[in-house]
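One structure is given here, and the rest of the page talks about it.
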Amino acid sequence: MLTAVFWVLAVVAVAAGIAVFTVDSMARATVALAVSFVAVGTALLLIDAGYLGVITILMMLMEMGIMAVFMIMYMMNPGGLMPMSMLHNKRGALAISIGAFVLLAAGALLTPWPQRRGEPPSDVTRALGEAVMGSKMLVMMSVSAVLFATMVSALVLATGRGRYDGDEAPAAEDAGGGA
Amino acid sequence: MTASPAWAVVPAAALVVVFAGAAAALDGVLDPAGRGRPMSGRLGRPLWETARLLRQRRRTTVAPDALLWRAGTAGPLVVALLMAVVVPVGGITVADPPVGLVWFNALDVALWLTVWAAGWGANSVYGLVSGYRFLSQALAYELPLMFALTAPAVAAGSLKIGQIVAAQDKTWFVVRMPAAFLVFLVAVAGFSLWGPLAYPAGRDLAGGVLAEPSGVDRLVLLAGRYALLTVGAGMSTALFLGGGAGPLLPGWLWSLLKTALVLAGLVAVRRAMPVLRADRVMRLAWLVVLPVTLLQLLVVSVLALGGS
Chain A
795 MLTAVFWVLA
805 VVAVAAGIAV
815 FTVDSMARAT
825 VALAVSFVAV
835 GTALLLIDAG
845 YLGVITILMM
855 LMEMGIMAVF
865 MIMYMMNPGG
875 LMPMSMLHNK
885 RGALAISIGA
895 FVLLAAGALL
905 TPWPQRRGEP
915 PSDVTRALGE
925 AVMGSKMLVM
935 MSVSAVLFAT
945 MVSALVLATG
955 RGRYDGDEAP
965 AAEDAGGGA
Chain B
22 MTASPAWAVV
32 PAAALVVVFA
42 GAAAALDGVL
52 DPAGRGRPMS
62 GRLGRPLWET
72 ARLLRQRRRT
82 TVAPDALLWR
92 AGTAGPLVVA
102 LLMAVVVPVG
112 GITVADPPVG
122 LVWFNALDVA
132 LWLTVWAAGW
142 GANSVYGLVS
152 GYRFLSQALA
162 YELPLMFALT
172 APAVAAGSLK
182 IGQIVAAQDK
192 TWFVVRMPAA
202 FLVFLVAVAG
212 FSLWGPLAYP
222 AGRDLAGGVL
232 AEPSGVDRLV
242 LLAGRYALLT
252 VGAGMSTALF
262 LGGGAGPLLP
272 GWLWSLLKTA
282 LVLAGLVAVR
292 RAMPVLRADR
302 VMRLAWLVVL
312 PVTLLQLLVV
322 SVLALGGS
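As given, the protein sequences belong to chains A and B, one line each in that order. FYI, in the working numbering the residues of the first sequence are 795 to 973. FYI, in the working numbering the residues of the second sequence are 22 to 329.
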């Protein structure tokens, strides 16, 4: 059963990944990429990495939501009205991607995977956090808070005078203007 | 909190649909446009509207992206039903995964792409503007929502909804974290395109994402909106209002009563508050609400460290 679910997810992930480069609409490419990532995140759920899987889905969906805006803003064919291609530098890209695939597949197949020792911990999320962060937990927590505060305040400062700003009280230069 | 067999998704989905229908009926009663009409017509509006939309022939637009459009309009209902899986009713829940809270959060983020696709797919300017408005408004409410969700998780020391409910056996979390509760409710209105945060589906856009879908598509989209409100109300009950805690009555009944009360409040807010423009929502959300939720989280964390 698990194997069947894994195969379905794997096929969906790869097929959606291929779709990203074959559809001729930026919107569809973005959604296909999101579907691919969701399939990968769901596959993580199969190995009981619940937190990692769900957070992957959360992050990727959010990212694709934002990316849709920029993809459509900057790409040459937003609506699919003109022929376009997502492929550039075809030969080089093909060589690199086949090389990367062979390397990763060989690694997965040839590595002597260790047998499981002991039992999985009851709280996998906590164990994972401690394995990744270890003694640096406090530092990482403080850094993340500082980073977050920096990002928010930078954005607030940068958009201090947005397009609609000051509409509560008309700005002085507007009041006297009007040619 | 006992996990249920797989068939439990069917009664859970039925419950969501019934509550969503009741919310739509209440909105029909509160709608000032229905004044002077007989009560049966206003109370039965969801029924008549369903019958009308099921019979209505589907309109289409010039060159729509049908795939994204259909997926987008069906999305809110699907998301609401997937959220309902982790919402407990008394001691009963379909599933209580160790990361139930993150599951809920991930699904509300799924709405970003969903609503945007519903707006994009119609190939109509109203839908398109609406989709982008939703994304920009989502940026405003999502961060406060995440911190509002973090507060009960920190207080309970778990991401498991069952444990969060269990941690409220002495005091409901709404007492300890009223700001998080309020922010959560506002965010529910936000991802349901409702009330003061209905700007993406605003009347200045002829309904935005609601402008083009017709027939069964419109029915599914409208149902999805009420279902999202319902699930949001159910989740607020579990996270902040002690779940099924209460005297005399059984737990599941208390859960349903509290959910109905919160849902009624959310529905009533629509007629009581003006729609806020996205840039004002953004300013309010990041300059006022975000610091408030962070302070709330600080208070909750300190209390949790103190072991109370």
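Where a beta carbon is used, it is the ideal one built from N, C-alpha and C, also for glycine.
Distance between Gly-886 of chain A and Val-814 of chain A (C-alpha atoms, nearest Å): 19 angstroms
Gly-93 of chain B burial status per 10 Å Cβ neighbour count (16 or more: buried): buried
Asn-144 of chain B and Val-83 of chain B closer than 8 angstroms at C-beta: yes
DSSP state of Thr-114 of chain B mapped onto helix, strand, coil: strand
Chain B contacts from the stretch 802-822 of chain A (Cβ-Cβ distance under 8 angstroms): Ser-819, Ala-821, Arg-822
DSSP state of Pro-97 of chain B mapped onto helix, strand, coil: helix
Member of B:Lys-181, B:Val-209, B:Ala-188, B:Trp-307 whose CA lies at the smallest distance from the CA of Thr-944 of chain A: B:Trp-307
Near the ligand GDP: Asn-144 of chain B beta-carbon under 7 angstroms from a heavy atom: Among the components modelled here there is no ligand, and therefore nothing to report on the ligand GDP.
Close beta carbons around Ala-41 of chain B, own chain, < 7 angstroms, minus the five adjacent residues each side: Ala-244, Tyr-247, Ala-248, Thr-251
Rounded straight-line distance, which links the Cα of Val-940 of chain A to that of Met-931 of chain A: 14 angstroms
Against chain B: residues of the stretch 846-859 of chain A by CB proximity under 8 angstroms: Val-848, Ile-849, Ile-851, Leu-852, Leu-855, Met-856, Met-858, Gly-859
Residues near Leu-903 of chain A by beta carbon distance below 8 angstroms, same chain, minus five either side: none
Outcome for Pro-97 of chain B when other beta-carbon atoms lying within 10 angstroms are tallied against a minimum of 16: buried
Contact residues within the stretch 904-919 of chain A, judged by C-beta distance below 9 angstroms to chain B: Asp-917, Val-918, Thr-919
For Asn-144 of chain B, the first and last residue of its enclosing alpha helix (DSSP H): Neither: Asn-144 of chain B is in no alpha helix (DSSP H) and is coded neither H nor E.
Beta-carbon proximity of Met-738 of chain A to Trp-133 of chain B, cut-off 8 angstroms: Examination of residue 738 of chain A is not possible in this model, given that chain A is present from 795 through 973 alone.
Residue range of the unbroken alpha helix (DSSP H) whose run includes Arg-885 of chain A: 884-904
Members of the stretch 106-126 of chain B that neighbour chain A once the beta carbon cut-off is set at 7 angstroms: Pro-118, Pro-119, Val-120, Val-123, Trp-124, Asn-126
Residue span of the alpha helix (DSSP H) that contains Lys-279 of chain B, given as start and end: 272-293
Beta-carbon proximity check, Ser-151 of chain B vs Pro-53 of chain B, cutoff 8 angstroms: no
Beta-carbon proximity of Ala-210 of chain B to Gly-216 of chain B, cut-off 8 angstroms: yes
Where Ala-826 of chain A meets chain B, residues with beta-carbon distance less than 7 angstroms: Result: empty, since nearest Cβ-Cβ is about 10 angstroms, beyond 7 angstroms.
Simplified DSSP assignment, three categories, for Val-120 of chain B: coil
Separation of Val-108 of chain B from Thr-114 of chain B, as counted between CA atoms: 6 angstroms
Euclidean distance between Cα positions of Arg-292 of chain B and Leu-218 of chain B: 12 angstroms
Selection of the stretch 829-845 of chain A by Cβ proximity to chain B, strictly under 8 angstroms: Gly-844, Tyr-845
Contact between the stretch 166-176 of chain B and the stretch 313-329 of chain B (3+ Cβ pairs under 8 angstroms): yes
CB-CB length for Gly-111 of chain B against Gly-265 of chain B, believed under 8 angstroms: 4 angstroms
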